[in-house]
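> Please find one structure pasted underneath; my questions will follow.
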Amino acid sequence: MEQRNEPMNPPAAERKKRILSGIQPSGTPTLGNYIGAMRNWKLLEDQYDCLYMIADLHAITVRQEPAKLRAQSLQMLSLLLAIGLDPEKNVLFFQSHVHQHAEMGWLLNCFTYMGEMSRMTQFKDKSAKHADNINCGLFTYPVLMAGDILLYQANLVPVGADQTQHLEICRDIATRLNALYSGVFTIPEGYSPKIGARVMSLQDPKRKMSKSDPEDCFIGILDTPDTVRRKYRRAVTDSDAQIRFDPENKPGVSNLLSILCALTGETMESLVASLEGKGYGDLKNAVTEATVETLKPIQERFGQFIGDKAYLESVYREGAQRASRIAERTLSKAMKKIGFVAK
Ligand code: TYM
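Residue numbers (this note's numbering): 181 to 523.
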């Protein structure tokens, strides 16, 4: 893990390295979100100084129904707590509660080129999906995301593989500002799991599993055991009936194997060896069982948190205050360097 620049305040020697990551409250998170990102957030909470954000400003780059957005945002916070994130150790907050995100987004927009944004594959995908609403926010989304990361002088950003390009542009923007003004931002590194950085759709295993796709394509973290079983039973495989890890030629089977590996911690070799001579039904049963076992304790804890509005409020209020203090330091520093008159 390479690090190129240390934050000025507080001195690096006095604190752990910092993490910032986020998730959009645009639906119930999938098993892909969990394996690719959220699970690592929990694993890293002791080693790093962590901030985890519910990216609600990002969510409105596609049209959202207000009541649903509010409900999904609180649901997401409950899920972050349910996966075990301790709000004392981790700063958990809503992006919209920390106004510095929008302000930093504007500053960085003025240092980012149209050509850079038009190369973003997620913009191309999303604008094809939402052809009736190709708004400017969707176009400059990676700039807002860069601001999210840079505001906290994050060293590490645990994300799934689909965010790699956004992280690269974040590094480019930070490097550009540092070259112009020197020492503004820490240059962050990405962090993705070896297995499960890209969990694929159950119906179209050449595409990533996404919470905005039709129900049968993904496992939702809150899916009941029966739903999980049904979805895996219907998952696309192939006709050669051989259990082998070969993402190019056997994407469906390889995806199920990856999920099973990620959830059980087994190596691919030993997993494939243990399934020798067995059929796809056995593989689907095994992945169903592992998924249900993983989700059960999360769902139980979720049930407790979602009903406790006062507790959720105390968590997100405290989170916003803590996040805002750090964000303000970076924003003021950047504004001063750029040449604004100090308040
Ligand atoms: P979002 O909400 O799409 O996804 C949240 C996290 O889940 C990962 N992920 C996956 N990992 C493996 N397989 C999949 N099928 C899969 N689908 C999603 C994503 O890579 C991500 O890590 N732009 C971000 C949110 C964001 C952010 C940030 C992240 C806003 N600001 C700053 C990091 C730092 C997004 O839309 O994630």
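Cβ coordinates follow ideal geometry from the N, Cα and C atoms, glycine included.
Do Lys391 and Thr210 have their C-beta atoms closer together than 9 Å?
For the 9 Å CB-CB criterion, Lys391 and Thr210 form a contact.
> Let me know the secondary structure DSSP gives Cys441 once reduced to three states.
helix
> Identify every run of the alpha helix (DSSP H) within the stretch 386–428, keeping only runs that are complete inside it and at least 4 residues long; order them along the chain.
405–414
> What's the call for Lys309, buried or exposed, on a 16-neighbour Cβ count within 10 Å?
exposed
> Name the DSSP bridge partner or partners of Cys230?
The secondary-structure analysis by DSSP pairs Cys230 across a beta bridge with Ile199, Asn270.
> Suppose you measure from the CA of Asn189 to the CA of Leu402; what does that come to, to the nearest Å?
Residue placement at Asn189 is flagged as unreliable, the pLDDT there being 49, under the threshold of 50; the coordinate-derived value follows with that caveat. Taking the straight line joining both Cα atoms gives about 40 Å.
> If we ignore side chains and look at the alpha-carbon of each, how far apart do Arg424 and Met389 end up?
21 Å
> Give a single yes or no on whether Gln136 has its beta carbon closer than 8 Å to a heavy atom of the ligand TYM.
Given a span of 181 to 523 for the chain in the structure shown, any question on residue 136 remains unanswerable.
> Relative to the C-alpha of Lys269, which candidate in Tyr293, Ile240, Val495 has its C-alpha closest?
Val495
> Going by other Cβ atoms of all chains shown within 10 Å of its Cβ, with 16 needed for buried, is Cys316 buried or exposed?
Exposed is the label assigned to Cys316, since fewer than 16 other Cβ atoms lie within 10 Å of its Cβ.
> Please determine, among Met256, Lys197, Arg243, the residue with the shortest C-alpha to C-alpha distance to Phe482.
Met256
> Is Asn213 near the ligand TYM - that is, is its Cβ less than 8 Å away from at least one heavy atom of it?
yes
> Spell out the partners DSSP gives Met218 in its beta bridges.
Paired residues: none, contrary to the question.
> Measuring alpha carbon to alpha carbon, tell me which residue in Pro338, Met297, Leu330, Ala311 is nearest Tyr321.
Met297
> Have a look at Lys464 and Leu436 and give me their C-alpha separation to the nearest angstrom.
7 Å
> What residue range is occupied by the uninterrupted beta strand (DSSP E) comprising Gly327?
Gly327: not part of any beta strand (DSSP E); member of the alpha helix (DSSP H) spanning 316–331, first to last residue.
> What does DSSP give as the partner residue(s) for Val337 in the beta ladder?
Gly370
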